[in-house]
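In the numbering used here, the protein residues as written are 2 to 828.
Given below as C-alpha cells:
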C-alpha cells in the first residue's frame with residue numbers, strides 16, 4: 002500500500018514538473034520574465050518571442066520570429082517605435098498586469114495598455130499560431146490583449162484583419178519605415194466598410210490601393226481572383242465586425258503575407274531548396290493598380306505603352322501634366338449630357354437622349370451606391386437619375402451606380418465586370434456612320450476580291466519566274482551605284498536578300514496580331530521563317546523618305562556591325578515600294594518594360610542590372626573604338642535596349658546614328674533629334690555631338706537602372722528636381738542611397754553589393770557632367786565599372802538638374818525599338 006501511494010505521489014510530482022516546464026517554455030508570468038537574450042518558444046516550435054536586432058543597426062527590439070527558419074524573419078514587433086539602445090532590455094508582466102518592455106533604467110518603452118483586475122494571476126503565452134495572448138485567472142476563456150489584434154506588418158495564418166463599424170475599432174497592418182527600421186511606415190492595410198466592403202492600402206491615410214467590392218465570393222477588382230476562399234482566404238461581411246482571415250490547406254507549406262515599406266502586399270513562401278523566402282505580389286502588380294492613377298474619368302490599361310487615357314467623350318484637364326506622365330488631374334466631358342442641358346433649360350430629365358457606353362472586363366470605380374434591383378432594371382434606374390454617371394451589375398452584389406466623378410477605373414485583360422458609362426447620344430452616334438462605311442466597303446471588297454483572284458495565280462507564277470532574275474538585278478544595281486571613291490567596300494551578297502512573299506508568309510500577311518509595335522520608320526512584326534527561326538520584321542512606311550540608294554547603303558553599314566551587345570541585322574527586302582529590314586527576335590522586349598513596371602522590376606536583381614550595365618558599356622565601346630567606321634548612336638535610352646531570353650542587353654535603333662570617318666571627333670547639326678532627358682546640353686543648345694554625347698546618355702541610363710525611375714518622368718515635388726538633379730543633390734549631401742531602387746535596398750544581397758552600387762552611381766554622375774570635356778570616354782567608363790580604376794574623380798555639377806518642361810520623344814517611338822536606319826545627313 003505504501004509503495005502504491007509513493008508511486009502515485011511520484012507520478013503527480015512528475016506531472017506537475019512537466020506542466021511547469023511546458024509553461025516555462027512558452028509563457029511569461031508575474032514571477033518569470035525574459036531578459037535579453039532569453040526567448041520563449043511556442044509548444045510546436047514554430048515561433049519564438051525574444052530580443053533581436055536588424056541589419057545595419059545596433060537597436061534592440063522585442064518581437065515574434067519564425068523559430069526554425071535560418072533567415073531571420075520577424076512577424077511582430079512590440080517596441081517598434083521606441084527601440085532599446087543596448088542589451089539591458091526586459092519583457093515582463095508589470096504590477097498593474099500589463100505586458101511591458103523596459104530598459105535598464107526601468108523606463109517603459111512599450112506596454113499592452115489594458116485594465117487588469119487580477120494582475121497577480123496574469124500570464125502571457127505564445128500560442129502555436131504565433132499569437133501572443135495576455136490573460137488572467139478570472140476569465141481564462143477571454144484574453145485581455147493579443148498581438149493578433151495589435152499587428153505590425155505581417156499577416157500570418159488565423160490572424161484577422163477587421164473593422165467594426167459599431168465601435169470604430171480597426172485591426173490593420175502597418176508597414177515598416179524601411180527594411181532596417183520597424184517603426185511605423187507610411188502604409189496601412191485593412192478592410193474598409195464602404196457601401197460594399199473592400200480591402201484597401203492607404204498611404205499616409207490617403208487611398209493608395211483598393212481591391213474593388215466583395216461580391217460574396219471574390220473581390221471583383223482583383224484581376225486574378227476567380228474563386229472563393231482563394232488560396233485559403235476567408236472574408237466575412239455579413240455582420241460587424243467585418244474581417245478577412247487566412248489558413249492554408251497545405252500544412253507542409255509555410256506562407257505568410259507582409260505589407261512592405263513600399264506599400265506592396267507581398268506573399269512570402271518558404272523555399273527549402275533555396276533556403277530563402279520566395280516572393281509573389283498578389284495585389285499591386287502594375288502602375289494601374291495604384292488608386293486614381295489616371296484621375297477622374299480616366300481609364301488605366303497596363304497593356305498600353307501610355308497607360309492612361311480618357312474615357313470616350315472626355316479630354317485631359319491639363320495637357321502639359323499629361324505629357325509629363327502625371328495623369329492625376331484626370332479628364333473632363335467635352336459634350337454635356339442631354340439630361341443636364343434639359344435640366345438647365347427647365348425641361349426636366351431627357352431620358353431618351355442619353356445612352357450608355359459598354360466597357361467590358363473593367364475594375365469598377367470607387368464608392369458605388371448599391372441597390373438590390375434586378376439587372377434589367379439597373380439601366381432604367383440610372384437613366385432616370387441625371388446624376389447617375391455609370392452603372393454595373395454583379396450577381397453577388399446587385400446593381401451598382403455611381404454619381405459624380407468616376408475614379409480608379411481600370412481595363413482588365415481578364416476578370417472584372419461590364420461597366421456602362423453614361424454618354425450623350427451624339428457621342429454614341431459617332432460610330433454609326435463609320436459602320437455604314439465599313440458595310441459598303443465590305444461589299445465593294447467582295448467584288449474586288451473576285452477580280453483579283455482571277456489574276457492571282459498568273460501573278461504568282463510570273464513573280465516566281467522573275468524572282469531570281471530580280472535579285473541578281475538588284476545586286477548588280479547596288480554594286481554599280483557604289484563603285485568609286487565613296488564606296489564602303491562591302492558587297493550586297495554578304496547580307497541575305499529575302500523576298501517579300503517569304504516575309505508575308507512569316508508574318509501571316511503582316512497580321513495585326515503579329516504586330517510588336519510602331520516606330521517612326523514603320524511597324525515591326527514578329528515572324529517565323531520556314532526553318533522555325535523567329536524574326537522581327539520592320540516594314541518601312543512610305544513616309545520614311547528613303548531612296549533605294551540611301552536605304553541600301555545604310556543596310557550595308559548596319560550589317561557590318563557584329564557584336565554580342567548589338568541587335569543583329571539578318572537580311573533585307575526591296576521589292577517595288579517595299580523596303581523591309583529583318584532582325585533577330587528579342588523575346589524579352591526592351592529594358593524599360595522590366596525596369597519601370599512594378600510587377601516585373603523584381604526580376605531585375607542587382608546582379609542582372611549590373612550585367613545589363615556592363616553589356617551596354619561594351620556595346621558602346623565597340624561603336625566608338627572598335628567599329629570601322631566609328632559610330633555615334635545619339636539615341637541611347639532604356640527603350641532602345643532590347644533583352645534576349647537570358648536578359649542580355651543589345652543596343653538597337655540606329656535611326657539617328659552618325660558615322661564618323663578618319664580622325665573626326667565632333668560634328669554639328671541644325672536638326673536636333675533624339676529624346677529629351679537623354680540628350681546632353683551641348684547637343685540641345687548648339688547642335689554639337691560627339692562620343693561624349695553617348696556617354697551622357699549612358700550616364701542617364703545608368704542612373705535609371707540603379708534607381709528604377711524613368712528620367713523623363715521623374716519629378717521631386719519638394720525641390721522641383723529632375724532625376725539628375727536629385728542624384729546630384731543627394732551626392733553632395735552624402736546620402737546617395739536615397740536614389741537606389743527599393744527593390745535593391747530590400748534585397749538580401751544588398752550589403753555585399755553595396756560598394757558596386759555606389760561605384761555605378763559615381764560613374765553615372767561622372768557621365769552626366771554638364772561640360773563634355775569633363776565626361777570620361779567609354780574605354781574609361783568600362784575600366785571604372787570593372788574597378789580597374791580605383792580612385793575616381795569627384796563629379797562636377799550635373800546637367801539639367803531642374804525638371805524639364807518637355808519630356809517626350811521628338812518623334813513618337815514605341816518601346817520595342819529594333820534597329821532602323823543610319824542617318825547619312827550632312828555634318
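We treat Cβ as the ideally placed atom computed from N, Cα and C, and that holds for glycine.
With a threshold of 7 Å on Cβ separation, who are the neighbours of residue i within its own chain once the five nearest residues in sequence on each side are excluded?
{"i": "residue 82", "result": "184 and 185"}
{"i": "residue 195", "result": "368"}
{"i": "residue 622", "result": "779, 780 and 783"}
{"i": "residue 113", "result": "99, 100, 135 and 146"}
{"i": "residue 468", "result": "Legend: pLDDT at residue 468 = 49, less than 50; position of this residue unreliable, value from coordinates given subsequently. 500, listed in sequence order."}
Specify the secondary structure class of residue i as computed by DSSP and reduced to three states.
{"i": "residue 529", "result": "strand"}
{"i": "residue 689", "result": "strand"}
{"i": "residue 164", "result": "strand"}
{"i": "residue 78", "result": "strand"}
{"i": "residue 317", "result": "strand"}
{"i": "residue 561", "result": "coil"}
{"i": "residue 568", "result": "coil"}
{"i": "residue 377", "result": "helix"}
{"i": "residue 369", "result": "coil"}
{"i": "residue 220", "result": "strand"}
{"i": "residue 774", "result": "helix"}
{"i": "residue 449", "result": "helix"}
{"i": "residue 492", "result": "With a pLDDT of only 44 at residue 492, under the threshold of 50, the placement of this residue in the model should not be trusted; the figure read from the coordinates follows. Note: residue 492 maps to coil in three-state DSSP."}
{"i": "residue 648", "result": "coil"}
Compute the distance between the beta-carbons of residue i and residue j, then report whether it is under 8 Å.
{"i": "residue 72", "j": "residue 53", "result": "no"}
{"i": "residue 770", "j": "residue 797", "result": "yes"}
{"i": "residue 630", "j": "residue 655", "result": "no"}
{"i": "residue 80", "j": "residue 110", "result": "yes"}
{"i": "residue 190", "j": "residue 247", "result": "no"}
{"i": "residue 829", "j": "residue 640", "result": "Because the chain is modelled from 2 through 828, residue 829 falls outside the range shown and cannot be assessed."}
{"i": "residue 339", "j": "residue 426", "result": "yes"}
{"i": "residue 269", "j": "residue 256", "result": "yes"}
{"i": "residue 318", "j": "residue 332", "result": "yes"}
Could you check which residue in the options has the C-alpha nearest to that of residue i?
{"i": "residue 409", "options": "385, 416, 328 and 442", "result": "328"}
{"i": "residue 262", "options": "312, 163, 399 and 154", "result": "154"}
{"i": "residue 779", "options": "645, 639 and 633", "result": "633"}
{"i": "residue 281", "options": "267, 519 and 204", "result": "267"}
{"i": "residue 423", "options": "506, 336, 623 and 326", "result": "336"}
{"i": "residue 238", "options": "165, 249, 287 and 224", "result": "165"}
{"i": "residue 800", "options": "371, 507, 175 and 712", "result": "712"}
{"i": "residue 31", "options": "68, 98 and 50", "result": "98"}
{"i": "residue 794", "options": "764, 772, 618 and 773", "result": "764"}
{"i": "residue 750", "options": "607, 789 and 372", "result": "607"}
{"i": "residue 252", "options": "600, 233, 149 and 187", "result": "233"}
By how many angstroms is the C-alpha of residue j removed from the C-alpha of residue i?
{"i": "residue 91", "j": "residue 124", "result": "16 Å"}
{"i": "residue 384", "j": "residue 405", "result": "15 Å"}
{"i": "residue 100", "j": "residue 56", "result": "27 Å"}
{"i": "residue 36", "j": "residue 62", "result": "12 Å"}
{"i": "residue 493", "j": "residue 272", "result": "Unreliable positioning characterises residue 493 in this predicted model, as indicated by a pLDDT of 48, which lies under 50. The coordinate reading is nonetheless provided below. Taking the straight line from one Cα to the other gives about 55 Å."}
{"i": "residue 363", "j": "residue 397", "result": "16 Å"}
{"i": "residue 291", "j": "residue 411", "result": "10 Å"}
{"i": "residue 221", "j": "residue 613", "result": "39 Å"}
{"i": "residue 513", "j": "residue 526", "result": "8 Å"}
{"i": "residue 415", "j": "residue 51", "result": "46 Å"}
{"i": "residue 584", "j": "residue 313", "result": "38 Å"}
{"i": "residue 243", "j": "residue 638", "result": "49 Å"}
{"i": "residue 250", "j": "residue 162", "result": "19 Å"}
{"i": "residue 43", "j": "residue 620", "result": "57 Å"}
{"i": "residue 355", "j": "residue 390", "result": "11 Å"}
Once you ignore the five residues that flank residue i on each side, which residues in its own chain have a CB closer than 6 Å to its CB?
{"i": "residue 742", "result": "708 and 709"}
{"i": "residue 45", "result": "129"}
{"i": "residue 445", "result": "none"}
{"i": "residue 737", "result": "731 and 762"}
{"i": "residue 542", "result": "523"}
{"i": "residue 93", "result": "34"}
Should residue i be counted as a contact of the ligand SAM given a C-beta to heavy atom distance under 7 Å?
{"i": "residue 31", "result": "The ligand SAM is not among the ligands present in this structure, which contains no ligands whatsoever."}
CB-CB under 8 Å to residue i, same chain, minus the five flanking residues each way: which ones, in chain order?
{"i": "residue 310", "result": "295, 299, 300 and 302"}
{"i": "residue 47", "result": "67, 68, 69, 129 and 131"}
Could you tell me whether any Cβ in chain B is nearer than 8 Å to the Cβ of residue i?
{"i": "residue 103", "result": "The structure shown contains no chain B; it is built from a single protein chain."}
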